[in-house]
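Residue numbers for the sequence shown follow the UniProt record's numbering, so the first one is 1 and each next one is one higher.
Just so it is clear, CB atoms sit at the ideal spot from N, CA and C, and this is done for glycine as well.
In this text the structure is predicted, and so the values were computed from the model without any measurement.
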Amino acid sequence: MDLEPGPNPACVQRARFSLYLFVSLWWVLCSFVYLIGCSSVMAETGAAAAVVNDLPVKRPRDEEEDIEKNGVSAVSMETESNNTNSISAVIPGWFSEISPMWPGEAHSLKVEKILFQGKSDYQNVMVFQSSTYGKVLVLDGVIQLTERDECAYQEMITHLPLCSIPNPKKVLVIGGGDGGVLREVSRHSSVEQIDICEIDKMVVDVSKQFFPSVAVGYEDPRVTLHIGDGVAFLKNVPEGTYDAVIVDSSDPIGPAQELFEKPFFQSVANALRPGGVLSTQAESIWLHMHIIEDIVANCRQIFKGSVNYAWTTVPTYPSGMIGFMLCSTEGPAVDFKHPVNPIDADDSHSKSRGPLKFYNKEIHTAAFCLPTFAKKVVDSK
């Protein structure tokens, strides 16, 4: 049988070489394309990282120029004094209020211009012009008042107690260095003596400079300012001196903690006449029911007249509201829910103090209406 001749060895070798050359060139080409792609991705990633790093300070040119002109920059509120847990800061263009007192949330305001920054012996003090709430006073990173909504706090903490008793004559204010409570107390023509004890003189001076419509209360001749510790001041007050004590305190962190405890409430009760009244800042039902529960329990042990919790809305305070404890000593009965001294019936104060913006007799009564979850806790104590 004849066999077909096999392939030519030289042809096979040339074919193999051609195939090897083709594969090699293909691999080189693919590698080159891959390297170009990697370089492009790395360049884009680097650019993106640069953009991310620049985000806090990059902004349109006109806004950037405005910020430089108005002094709004990455200025942090130092918090070494007293309130070491505050993390609030002014970042370019915005102020954000963050605190362990309201974990997991923050309220922010756009800053138009920083007007003042200083550090007193007790706390950091800042004033800035906001876009929507006017000038804002900040102490240790926490908003104390804004021009737009301060009326809701100042009017309620003052008129809830003073409108609940007939003819109050002697009033003591603890804290309240901004002067807003003084402004409201001075609306009552029956009042003859107004004492205020504020620990931080810088707060008084800054308020007079930047919040004249709030600090106007200091101009009343019935007002006597005492710079010092309110707790110590109360201990030296003769028993039964005042018809009303109003405590405009900060949150119960650091030194202010003392203003929420039983010994302080006992000092207040001693300073009040029989049937005298206390009004004190008492936190938010949405954030601090555990604190409110303790305050109510302490007050019920000390004040044998009436103990009530009321509240008002303040948009720039955490959770948008704040509460008050309204208490009376044993003596003439005090019905806080039904005012007997209606300030809104007298408009003679409007010329010097401006008209009331928030308080009226209807909202006075409504302030004591609590949601079910809060009512259960307050009533149980």
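- In whole angstroms, what separates the C-alpha of Lys244 from that of Asp251? Contrary to the premise, residue 244 reads as Ala rather than Lys in this sequence. Distance between the alpha carbons of Ala244 and Asp251: 21 Å.
- What residue does the alpha helix (DSSP H) around Met289 start on, and which one ends it? 289 to 302
- Item | Contacting residues, own chain, Cβ-Cβ under 8 Å from Glu239 (five flanking each side not counted) | Asn270, Ala271
- Message: Which complete alpha helix (DSSP H) runs does the segment 160 to 228 hold, if anything under 4 residues is left out?
- Response: 180 to 185, 201 to 210, 212 to 215
- Item | Phe128, enclosing beta strand (DSSP E) - first and last residue | 124 to 130
- Query: Once you ignore the five residues that flank Val191 on each side, which residues in its own chain have a CB closer than 7 Å to its CB?
  - Reply: Pro168, Lys169, Val171, Val185, Arg222
- Of the choices Leu145, Ser306, Val237, whose alpha-carbon is the least far from that of Val203? Leu145
- Local Cβ density within 10 Å of Val138, reported as buried at 16 or more and exposed below that: buried
- Bridge partner(s) assigned by DSSP for Ser279: Ile246, Leu326
- Task: Decide if the segment 91 to 109 is in contact with the segment 171 to 183; the criterion is three or more beta carbon pairs, one per stretch, under 8 Å apart.
- Result: no
- Query: Apart from the five residues on each side of it in sequence, which residues of its chain come closer than 7 Å, Cβ to Cβ, to Ala215?
  - Reply: Asp178, Gly179, Ser207, Lys208
- Task: Have a look at Arg300 and Leu160 and give me their C-alpha separation to the nearest angstrom.
- Result: 19 Å
- Report yes if the C-beta distance between Thr329 and Pro274 is below 7 Å; otherwise report no. yes
- Query: Among Val231, Gly134, Asp140, Pro103, which one has its Cα closest to the Cα of Met126?
  - Reply: Asp140
- Query: Ends of the alpha helix (DSSP H) at Lys262?
  - Reply: 262 to 271
- Leaving out five residues on either side along the sequence, give the residues of the same chain with a beta carbon under 7 Å from the beta carbon of Phe368. Asn308, Ala310, Phe336, Lys337
- Query: Looking only at C-alpha atoms, which of Ser120, Ile285, Val111 sits nearest to Pro371?
  - Reply: Ile285
- Task: With DSSP collapsed to three states, give me the class of His364.
- Result: helix
- Would you decide whether Ile302 is buried or exposed? Buried here means 16 or more other CB atoms lie within 10 Å of its CB. buried
- Item | Counted within 10 angstroms of its Cβ, other Cβ atoms place Gln257 as buried (16 or more) or exposed | exposed
- Classification of Ala366 by the beta-carbon crowding that lies within 10 angstroms, buried from 16 upward: exposed
- Status (buried if at least 16 other CB within 10 Å, exposed otherwise) for residue 419: Only positions 1 to 381 of the chain appear in this structure, which leaves residue 419 out of reach.
- Message: Taking the beta strand (DSSP E) that Leu115 belongs to, which residues open and close that run?
- Response: 107 to 119
- Going by the CB atoms, is the gap between Ser164 and Pro332 shorter than 7 Å? no
- Taking Cβ to Cβ, would you say Asp248 is nearer than 7 Å to Ile199? no
- Could you give the DSSP three-state label for Asp379: helix, strand or coil? helix
- Item | Spatial neighbours of Ala152 in its chain, beta-carbon cut-off 7 Å, leaving aside the 5 residues before and after | Thr312, Thr313, Val314, Phe358
- Task: Compare the Cα-Cα distances from Val181 to each of Lys119, Pro166, Ser213 and report the closest residue.
- Result: Ser213
- C-alpha distance - Gln266 paired with Met101, whole-angstrom precision: 26 Å
- Item | Per DSSP, cross-strand counterpart(s) of Asn308 | Leu326
- Query: For the candidate residues Lys201, Thr241, Ile194, Pro355, whose alpha-carbon lies nearest to that of Thr224?
  - Reply: Ile194
- Whose CA, out of Val296, Asn341, Val334, lies closest to the CA of Lys375? Val296
- Query: Any idea what DSSP makes of Met156, helix, strand or coil?
  - Reply: helix
- What's the gap between the Cα of Tyr242 and the Cα of Glu112? 43 Å
- Exposed or buried, which one is Ser189 when buried takes at least 16 other CB atoms within 10 Å? exposed
- Looking at the structure shown, is Pro318 part of a helix, part of a strand, or coil, going by DSSP? helix
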